[in-house]
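> What follows is a single structure, and I will ask about it in a moment.
There are 2 protein chains.
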Amino acid sequence: MKKVGVAILGLGVVGGGTYKALTEHREFYKKNHGVDIVVESVLERNKERAASLGVERNAIAQNIGEICNNPQVDIVVEVLGGVEPAKSFVLAVLNAGKSVVTSNKELFCKYWHELEEAAKLNGCGLFYEATCVGGVPIIRSLLDTLQVNKITSLTGIVNSTTNYILTKMTDSGMTYKDALKKAQSLGYAEADPKMDVDGFDPVYKLSILSSLAFHTKVPYTKIYREGITEIDSTDLLYGKRLGYVLKLLAIGKNTDSGIEVRVHPALIKSTHPLAGVNDSYNAVYISGDCVEDVMLYGRGAGALPTASAIASDIIYFATHDNFNYTTFENTENADPATKFITDFKSAYYIRLQAYDMGAQTKAKSVLEKYGITAEPVIFENSGVKGVGTIIFVTDETSESNIHKAVEEINSCKGLVSVASLIRVCQ
Amino acid sequence: MKKVGVAILGLGVVGGGTYKALTEHREFYKKNHGVDIVVESVLERNKERAASLGVERNAIAQNIGEICNNPQVDIVVEVLGGVEPAKSFVLAVLNAGKSVVTSNKELFCKYWHELEEAAKLNGCGLFYEATCVGGVPIIRSLLDTLQVNKITSLTGIVNSTTNYILTKMTDSGMTYKDALKKAQSLGYAEADPKMDVDGFDPVYKLSILSSLAFHTKVPYTKIYREGITEIDSTDLLYGKRLGYVLKLLAIGKNTDSGIEVRVHPALIKSTHPLAGVNDSYNAVYISGDCVEDVMLYGRGAGALPTASAIASDIIYFATHDNFNYTTFENTENADPATKFITDFKSAYYIRLQAYDMGAQTKAKSVLEKYGITAEPVIFENSGVKGVGTIIFVTDETSESNIHKAVEEINSCKGLVSVASLIRVCQ
């Protein structure tokens, strides 16, 4: 029986889960896949942590060099996170002729081209199913099944922390701050939640996913980014009344005019399949020219779901003789021929604070001046005549246009001002 | 550039879609996958049909032998449907050393073992993504990404015709007969709808999917089957009031006590991700020991979605040097060690017709006699005292047990009778 030796770099949540999954499933893999997967080595400073997982003392490497030089190791799992030392370690093991599996979206998204070059040069596999959406088989599907489609759009809920926070805010009317605290107390959010709540993590994932989907490099630097820290639960409640749910969406579009990539909160119709993706679940909704609409849904994070993706890459490595890395030319920057749309179009939800009777008429006339069709969908009087909340939902218009209109509305001091502006995904 | 020659057996809806997808995407495949996919030959009696698709006269084979002997053909797409002549044709091309892609669930489910044996013997690939759930990448995911999990359950909406009919019945209160007529007029149901409405098609798919998911052969003959022809739209409306949606479910479970496989209508909570799968959309919801819950959703049928699955198999064939057929020993019958549970457990929705005041008490006491806990959830008086409709939802009990209880309730002539019994999926 073919034996495959594995090393794991980092025994944190995901690394520990991977160690557990691989060791506990050893007989299962032997029986069903005809391969013997053996964890030969781990790199983990915390010796107690390693011991508590059952790692034998002599399997704990002192440094990356030991793993590079270990002839028993065929494939290395990198689950350290962050750019360094992960990058140096991955390049070292690739140059030592060992294949790599990574769950590190930041490293992968930023240095994919460099890692792939090293992998190809050394005839090694480079696997990254675990970088995006936990155990949901999105990468392999983009590489091996949906690859035949001209994918026109991809809309994802790809960050569990923010989806948990937004679900709590929607379901129980919690403020952003309280929901974040709850997420932190449950271990769903980091002490410093910046990566998630400011949208960096979904940007990294969207860069990887849209590059694969659109068969061209989409560098993360091209992605518009807006997090959820400014979301007011008031708007979630109004949204609900209007039949919308607020989600942090990662949106990629590939049209004749160019590629459009953006991560921002958006209201989505409550009947859309993505609207029901709650808590720490994630999903990616894809439209292709042949397959039409497809959605892949599941746990977006967590030790074992991510370990499932990692283990599947290891079994793939063990049972396939050749590997495909990607289906596009993996350069550092975008192909110069690729046009990126930055002044993208969207429908908008606008919540206005009215201070005077003429507010609604004024706001509507400003919107009309900019060619924006919109009807007021909610008007709530605060008790004083003409004063209250007005909500418009507009037709599609450009970002630059709506911002000009908002600026002009806000210049009507004492009459009306814009309290919230949220994109509506149609 | 590597060239791959394709032959298509049958230019019906799916075959025509495949021809179109392959020819129109030729440059796309060349650019992104580095392979030139050329349709070299088709087998189609209707010459006009072939001509209308743009097939050149000399590319129309006169018989299967011509395709077997055509050195330009590397892989053959079988989309004829039914067992014969599809089976003979597939075996002939495999024995001629050509790989096969099929969308034929009946042939595949019944003769998988024989086709795989022939493929292995001749060193050919055997691909079947298109047999299940249209363009949804479920087969490849079970083979290449979810394969590392001990999958404990799989619940699918895997038949588009019945899902369309049930959606129409639910949304607009149509009777089964009217909804079927509408489906037929739109081409969603065959003139003879037996394969779909009696549940044969989902049984074939469940056999394939559960064999892969549970890593052991699950012959279709082991699957309990019940169609949708007896569904009364009254129960869909009561179901809706109780927070349930009725779906034709394909359910596979793999527990310590054995494997349980069944296709039947069932009420499912309206908050379950499967409840939102409407019209001709399909989905498969999978629970695995690492990945937890995953759902794959998309168009379950149609020319181009199915062509997407077929094309993806062809590109996979063209870009991989070795193929995995399955992850279990593909025998004709089940492994003698596999235990199948036939007296399975479920919760039940029971609609009772009451003819007398004591009906509810009587029914409850009969259920209690069989150890079945149930509370009446709806009681509707028809105007005459004690006469009307009573609905119970029970806790989990066995099939044999509930049927005994139903029989005893029905023996109370003139007092109470069971109008409907529907399983509730929890």
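Line order of the protein sequences matches chains W and S. Here the numbering used here is used: the first residue of the first sequence is 7, the next is one more, and so on. Here the numbering used here is used: the first residue of the second sequence is 7, the next is one more, and so on. Heads up, the beta-carbon is just placed ideally off N, CA and C, and yes, glycines get one too.
1) In this structure, does DSSP put Leu310 of chain S in helix, strand or coil?
2) DSSP state of Pro382 of chain W, grouped into three classes?
3) Which residues does DSSP pair with Glu266 of chain W in a beta bridge?
4) With a CB to CB cut of under 8 Å and the five nearest residues on each side skipped, what residues in its chain are close to Gly71 of chain S?
5) The beta strand (DSSP E) with Ala27 of chain W in it runs from where to where?
6) Can you grab the Cα-Cα spacing for the pair Leu17 of chain S / Glu84 of chain W, in whole Å?
7) Note down, in chain order, all residues in the region 291 to 313 of chain W with a beta-carbon under 8 Å from any beta-carbon belonging to chain S.
8) Can you look up Asn387 of chain S in the DSSP assignment and give me helix, strand or coil?
9) Grouping DSSP H, G and I as helix and E and B as strand, with all else coil, what is Gln432 of chain S?
10) According to the neighbour-count rule (16 or more other Cβ atoms, all chains shown, within 10 Å of its Cβ), is Ala272 of chain S buried or exposed?
11) Given a limit of 8 Å on CB to CB distance, which residues of the region 322 to 344 of chain W reach chain S?
12) Just how far apart, CA to CA, sit Gln190 of chain W and Lys111 of chain W?
13) Express the C-alpha separation of Ser217 of chain S and Ile229 of chain S in angstroms, rounding to a whole number.
14) Rank W:Leu421, W:Phe334 and W:Leu248 by C-alpha distance to the C-alpha of Met363 of chain W and give the top, closest one.
15) Is Pro279 of chain W close to chain S, meaning its C-beta is less than 8 Å from at least one C-beta of that chain?
16) Determine whether the beta carbon atoms of Thr395 of chain S and Ile408 of chain S lie at a separation below 8 Å.
17) Closer than 8 Å, CB to CB, is Thr151 of chain S near chain W or not?
18) Between the region 90 to 103 of chain S and chain W, which residues of the former have a C-beta closer than 8 Å to a C-beta of the latter?
19) Tell me, please, whether the CB atom of Lys275 of chain S is closer than 8 Å to any CB atom in chain W?
20) Taking the alpha-carbon of Val164 of chain W as reference, which of W:Val203, W:Lys174, W:Phe133 and W:Arg146 has the nearest alpha-carbon?
21) Counting only C-beta atoms, is Asn288 of chain W closer than 8 Å to chain S at any point?
22) Could you tell me how far apart the beta carbons of Tyr25 of chain W and Ile14 of chain W are, in whole angstroms, since I believe they sit closer than 8 Å?
23) Could you name the residues of the region 30 to 58 of chain W whose beta carbon sits closer than 8 Å to any beta carbon of chain S, in the order they occur along the chain?
24) Please give the ranges of any beta strand (DSSP E) in the region 273 to 360 of chain S, keeping only runs that are unbroken, at least 3 residues long and fully inside the region.
25) Are three or more beta carbon pairs between the region 180 to 187 of chain S and the region 303 to 322 of chain S nearer than 8 Å?
26) Give me the Cα-Cα distance between Gly233 of chain W and Leu86 of chain S, rounded to the nearest whole angstrom.
27) Let me know the beta strand (DSSP E) ranges lying completely inside the region 389 to 416 of chain W, each 3 residues or longer, listed in chain order.
28) Check Asp238 of chain S in the structure and name its three-state DSSP category.
29) Beta strand (DSSP E) containing Thr108 of chain S: first to last residue?
30) Can a CB atom of chain S be found closer than 8 Å to the CB of Lys156 of chain W?
31) When burial is assigned at 16 or more other CB atoms within 10 Å of the CB, is Met7 of chain W buried or exposed?
32) What would DSSP say about Val422 of chain W, mapped onto helix, strand or coil?
33) Taking contact to mean 3 or more Cβ pairs, one atom from each stretch, closer than 8 Å, check whether the region 112 to 120 of chain W and the region 290 to 303 of chain W are in contact.
34) Taking the alpha carbon of Glu405 of chain W as the reference point, which residue from W:Ser263, W:Leu149 and W:Ile347 has its own alpha carbon closest?
35) Quick one: what does DSSP say Lys156 of chain S is sitting in, helix, strand or coil?
36) For Pro199 of chain S, would you say it is in contact with chain W, using Cβ-to-Cβ distances shorter than 8 Å as the test?
In short, the structure shows the following:
1) helix
2) strand
3) W:Lys259
4) Ala98
5) Segment Val19 to Glu30 is the alpha helix (DSSP H) holding Ala27 of chain W; no beta strand (DSSP E) there.
6) 48 Å
7) Gly294, Asp295, Cys296, Val297, Glu298, Asp299, Val300, Met301, Leu302, Tyr303, Gly304, Arg305, Gly308, Leu310, Pro311 and Ala313
8) strand
9) coil
10) buried
11) Tyr322, Thr325, His326, Asp327, Asn328, Asn330, Thr333 and Phe334
12) 21 Å
13) 12 Å
14) W:Leu421
15) yes
16) no
17) yes
18) none
19) no
20) W:Val203
21) no
22) 6 Å
23) His31, Phe34, Tyr35, Lys37, Asn38 and His39
24) 287 to 294, 298 to 305 and 351 to 360
25) no
26) 51 Å
27) 394 to 400
28) coil
29) Ser105 to Thr108
30) yes
31) exposed
32) strand
33) no
34) W:Ile347
35) coil
36) no
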